[in-house]
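Going by the UniProt record's numbering, the sequence shown opens with residue 1, and the numbers climb by one from there.
In this text, a Cβ means the ideal position worked out from N, Cα and C, and glycines have one as well.
Here the structure is laid out as structure tokens; the discussion comes afterwards.
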Amino acid sequence: MSGSCRQGHTLSRAIPAKRLSLPDGAPLPPGDYSTTPGGTVFGTTPGGTRIIYDRKFLMECRNSPVAKTSPCDLPDIPGVTSPNVEELKIENNHVHNYLEKVGIGEEAQFDMDI
Numbered sequence: 001m002s003g004s005c006r007q008g009h010t011l012s013r014a015i016p017a018k019r020l021s022l023p024d025g026a027p028l029p030p031g032d033y034s035t036t037p038g039g040t041v042f043g044t045t046p047g048g049t050r051i052i053y054d055r056k057f058l059m060e061c062r063n064s065p066v067a068k069t070s071p072c073d074l075p076d077i078p079g080v081t082s083p084n085v086e087e088l089k090i091e092n093n094h095v096h097n098y099l100e101k102v103g104i105g106e107e108a109q110f111d112m113d114i
């Protein structure tokens, strides 16, 4: 069987590539990680499974009610997954102060120290 194999040179073609030089520490452009010019997004899972999403499918999914809700098991981390308690107090205080100032009447636009 080994006598039937012929060794010869095969023609090869270069794979087109684009080089992008980035300075040290610069992040890669996020849009170029795994997209094709047609808008197809692809990636792999840690197990090696390939996932491919068509642009049309992704655009349809963004209007889904599931896309507008947060995951059910998302932990409540103030300042990360939910607003910080102190930020909420400050925001409520600003709204409350604004409503009080609107009802006061005519005031100077701003104070000037001369």
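Where the alpha helix (DSSP H) through residue i begins and ends
| i | result |
| --- | --- |
| R55 | 55-61 |
C-alpha distance - residue i paired with residue j, whole-angstrom precision
| i | j | result |
| --- | --- | --- |
| M1 | G48 | Since pLDDT at M1 reaches only 47, below the 50 mark, its modelled position is unreliable, and the value read off the structure follows with that caveat. Looking at the two C-alpha atoms, the distance is approximately 36 Å. |
| F57 | R50 | 17 Å |
| N84 | K68 | 21 Å |
| D54 | I77 | 34 Å |
| C61 | S12 | 41 Å |
| D113 | P65 | 54 Å |
Same chain, Cβ closer than 8 Å to residue i, neighbours up to 5 away in sequence not counted
| i | result |
| --- | --- |
| residue 122 | The structure shown does not extend to residue 122, since the chain is modelled only from 1 through 114, so no value can be given for it. |
| T45 | I51 |
Sequence-distant residues of its chain with Cβ nearer than 6 Å to residue i (five each side left out)
| i | result |
| --- | --- |
| L99 | Note that L99 scores 49 on pLDDT, short of 50, meaning its location in the model is unreliable; the coordinates nonetheless yield the value given after this. For L99, where only same-chain residues beyond five positions count, there are no Cβ hits under 6 Å. |
| D111 | none |
| residue 115 | With the chain covering 1 to 114 only, the question about residue 115 has no answer from this structure. |
Proximal residues to residue i (C-beta, below 7 Å), its chain only, five neighbours per side dropped
| i | result |
| --- | --- |
| M59 | none |
| S34 | V41, F42, G43 |
| A14 | none |
Residue range of the beta strand (DSSP E) that includes residue i
| i | result |
| --- | --- |
| I43 | Per the sequence shown, residue 43 should be read as Gly rather than Ile. It spans 41-44 - the beta strand (DSSP E) in which G43 sits, taken as one unbroken run. |
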